[in-house]
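Going down the list, the sequences are from chains D and E. Throughout, our numbering is defined as the position within the first sequence, counted from one, plus 164. Oh and the second sequence: position 88 is 76 in our numbering, straight run, nothing missing. We put the CB at the ideal spot given by N, CA and C, even for glycine.
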Amino acid sequence: MRSSYFLEANDDDLSTGVSRRVLRLGTRPIGSLFLCGHSLDSASINAASSLAAVAIERARSFSAEANAEAAKQSEQLRSAILDGLAHAFKSPLTTIRASSSGLLAMKTLSGTEEKLVGLIDRHAGQLSDLANHLLLTAKLDSGDLKVKREQVDVARLIQRTITESSQELGGHSIDFQVSSGHDAVYADGKLLQMALFQVLDNAAKYSRPNSQVVIAVQQEEAELIIKVKNEGSFIPDGEKEKVFQRFYRCSGSVRSISGTGIGLSVVRRIAEAHSGRTWVESDQVNGTTFAIALPRMAKEKA
Amino acid sequence: MSQKSKVLVVEDDAGIRQSLFETLGALGFAVGEAHNGEDALVQLRMVNYDAVLLDINMPGMGGQETCRRMCQTFPGLPIIMLTVRDDEEDIVEALDAGAFDYVTKPFQIRELTARLRGVIRRRYAPIGEPDLVSIVGDITLDANRRLVEKKGEQIHLAPKEYETLRCLMEHAGRPVRHENLLRSIWGPLYSNEREYLRVVINQLRKKIEDDPARPVYILTESHIGYRFREDYTAKTR
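Right, here's the structure in full:
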């Protein structure tokens, strides 16, 4: 019976009443039918095998569709929950922040009081950044992410991101090597800036204090590659892909550095939304480099 | 100001409303509360408010529609929208509908009060000739002579640079949308050519900022437009 499927052989042995048929959908074999002790003619068996093939295929596609639909729904549900939570955080956070910063602005607090209220205020700010992050990932996941492509001058975008993230970069000096030539890609500037910001923030957070962060733009034949390199923060081979998974945190950093494990998953989603790639290179000596590659011909593809 | 400025807070979330009521009250404002747009419009007929803080996202009439109606019924009333970060399109729409400014939740009270004082001061600034000479910090723009000076030294600007600077300074303290700048300086067909604007802004920053990478005069309002810094030590009051 197996052989009739693998050899795709049909035959009838009328003397023993045994027939073998390959079940096909179009030309593709999907199974086989084996009849014993029958007295049907060849045409009837062909008809029966066609019917069986259609029935099997229908059952199969039905379950595949149901699985895909279920996966889609659970993904949507997860995004919706994230989105709902993040929005639900916003109002209480606004109340906390208005109250804490209001207390500080009144300038009537004693030293200790001011310190404590300052703590509340700063950490409410951090919670709010986290909520913004969750909102963003929910949006990236929900599939209705709109990529509004425009001509983006990458060098200028990097410069702007550096300026706007001076606070996050703390004591790190930035070395940005501008390559000559056209650094333009056809991309969503806003999303791209978010991705860049994440990578920079990451580099500043995980590298040695006051060390240098190097940004370089490389022109390859089909791609434009943005590389952000920092000292230290070695990532072993086994974790190089995992760092791009949402909520994954490197074993060495979970306790020592505060983070959510969201940032790099955002970077990857954004690169993928542009048909681009992301990866990380890391060794003990040279430090760690995150790369975002964007197709240069994206305009024609889009 | 001898009298307290009257501010109407329109916000459906009770916590935010209460925290604003208390903090703004303690910081010298007289605060009224409305929990939706319909309620706000009724209150504005009864009390002569100096400014409105309006939540962009409310059940019922909603922030946008409320803003539109307020602008129609009470022209000149400054409205500051309370927004969340991810709705730039709503912000743009609100600015088009006539809102003066916006702040993003969660905000620092200082930022909010600075904006509030700004819109209220400008509302009551003596009207008459539009200022032909504007001075903000070290920058002086004399529209009569088409002249720009920094610390008394003349700065040479290309025509587009001058027009852009003039438009931004005319609206000092308020966000000016990319589209509006492009339309009024380049013309209606150019309202999507943000790259033109970016080039001019970069040139302007090189010429008037001490450190063009860290501008203090021409500020970027991400995805909305630009804002010329307001001079808090300005001439009036």
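For a contact defined as C-beta to C-beta under 7 Å, what are the partners of R98 (chain E) on chain D? S265, A269
L304 (chain D) versus K148 (chain E): straight-line alpha-carbon distance, rounded: 39 Å
Could you check whether the Cβ of I227 (chain E) sits closer than 8 Å to any Cβ belonging to chain D? The question about residue 227 (chain E) has no answer here: the residues shown for chain E are numbered -11 through 225.
Cutoff 8 Å: Y169 (chain D) Cβ touching any chain E Cβ: no
State yes or no: is the beta carbon of R225 (chain E) nearer than 8 Å to at least one beta carbon in chain D? Confidence in R225 (chain E) is poor, its pLDDT being 29 and thus under 50, which makes the residue's placement too unreliable to answer from.
Name the chain D residues whose beta carbon is nearer than 7 Å to that of L8 (chain E)? A262
Give me the DSSP bridge partner(s) of V91 (chain E). E:L70
Could you tell me whether any Cβ in chain E is nearer than 8 Å to the Cβ of L257 (chain D)? yes
Counting along the chain, where does the alpha helix (DSSP H) carrying E26 (chain E) start and finish? 25 to 34
Report yes or no: is there a C-beta of chain D within less than 8 Å of the C-beta of A14 (chain E)? With 8 Å as the cut-off, A14 (chain E) counts as an interface residue toward chain D.
List the endpoints of the continuous beta strand (DSSP E) containing D1 (chain E). Premise fails: D1 (chain E) is in no beta strand (DSSP E) and is neither H nor E.
Within the stretch 94 to 145 of chain E, ranges of the beta strand (DSSP E) (whole runs, at least 3 residues): 121 to 124, 127 to 130, 135 to 138, 141 to 143
Straight-line CA distance for L123 (chain E) to Y37 (chain E)? Checking the sequence, you will find Ile at residue 123 (chain E) rather than Leu. The alpha-carbon separation between I123 (chain E) and Y37 (chain E) amounts to approximately 29 Å.
Kindly list the residues whose CB is nearer than 7 Å to the CB of E76 (chain E), restricted to its own chain and excluding five residues on each side of it in sequence; keep chain order. Correct list, in chain order: H211, I212.
Using 8 Å as the threshold, is the C-beta distance between A435 (chain D) and I389 (chain D) below it? no
Run of the alpha helix (DSSP H) containing G427 (chain D), from where it starts to where it stops: 427 to 437
Identify which residue in D:I338, D:F361, D:L268 has its Cα closest to the Cα of E328 (chain D). D:F361
Rounded separation between S183 (chain D) and L241 (chain D) - CA only: Roughly 50 Å between the two C-alpha positions.
Determine the burial state of S330 (chain D): buried for a count of at least 16 other Cβ atoms within 10 Å of its Cβ, exposed for fewer. When all chains shown are included, S330 (chain D) counts as exposed.
Rounded to the nearest angstrom, what separates A483 (chain D) and A302 (chain D) at their Cα positions? In this structure chain D extends from 165 to 466, so residue 483 (chain D) is not present and cannot be described.
One question on the structure: do L458 (chain D) and A380 (chain D) come within less than 8 Å of each other, judged by their Cβ atoms? no
Within chain E, partners of Q362 (chain D) - CB distance below 8 Å: Residues of chain E passing the Cβ test: none, with the nearest at roughly 16 Å.
Can you confirm whether T325 (chain D), when its beta carbon is compared against all beta carbons of chain E, has any partner nearer than 8 Å? no
Extent of the continuous beta strand (DSSP E) to which T452 (chain D) belongs: From DSSP, the beta strand (DSSP E) with T452 (chain D) extends over 451 to 459.
Relative to the alpha-carbon of L197 (chain D), which residue among D:T191, D:D205, D:N210, D:S203 has its alpha-carbon at the smallest distance? D:N210
Give the interface partners of F17 (chain E) over in chain D, defined as CB-CB distance under 8 Å, in chain order. Simply none; closest approach about 11 Å.
Which residues in the same chain have their Cβ closer than 7 Å to the Cβ of E99 (chain E), if we skip the five residues on either side of it in sequence? V91
Please report the distance separating the alpha-carbon of A244 (chain D) from that of L355 (chain D). 21 Å
Selection from E:R57, E:G13, E:E151, E:L65 that minimises the alpha carbon distance to I97 (chain E): E:G13
Hey, does G213 (chain E) have any beta-carbon neighbour from chain D nearer than 8 Å? For G213 (chain E), no Cβ of chain D is located within less than 8 Å of the residue's own Cβ.
N-terminal and C-terminal residue of the beta strand (DSSP E) that Y350 (chain D) is part of: 348 to 351
So R215 (chain E) packs on V164 (chain E), CB below 8 Å; how close in whole Å? 7 Å
Inter-residue spacing [alpha-carbon to alpha-carbon] between R433 (chain D) and E385 (chain D): The alpha-carbon atoms of R433 (chain D) and E385 (chain D) are separated by roughly 23 Å.
Name, please, each residue of chain B whose Cβ falls closer than 9 Å to the Cβ of A288 (chain D). This model lacks chain B altogether, as its protein chains are D and E.
Along the chain, where does the beta strand (DSSP E) containing S446 (chain D) start, and where does it finish? 441 to 447
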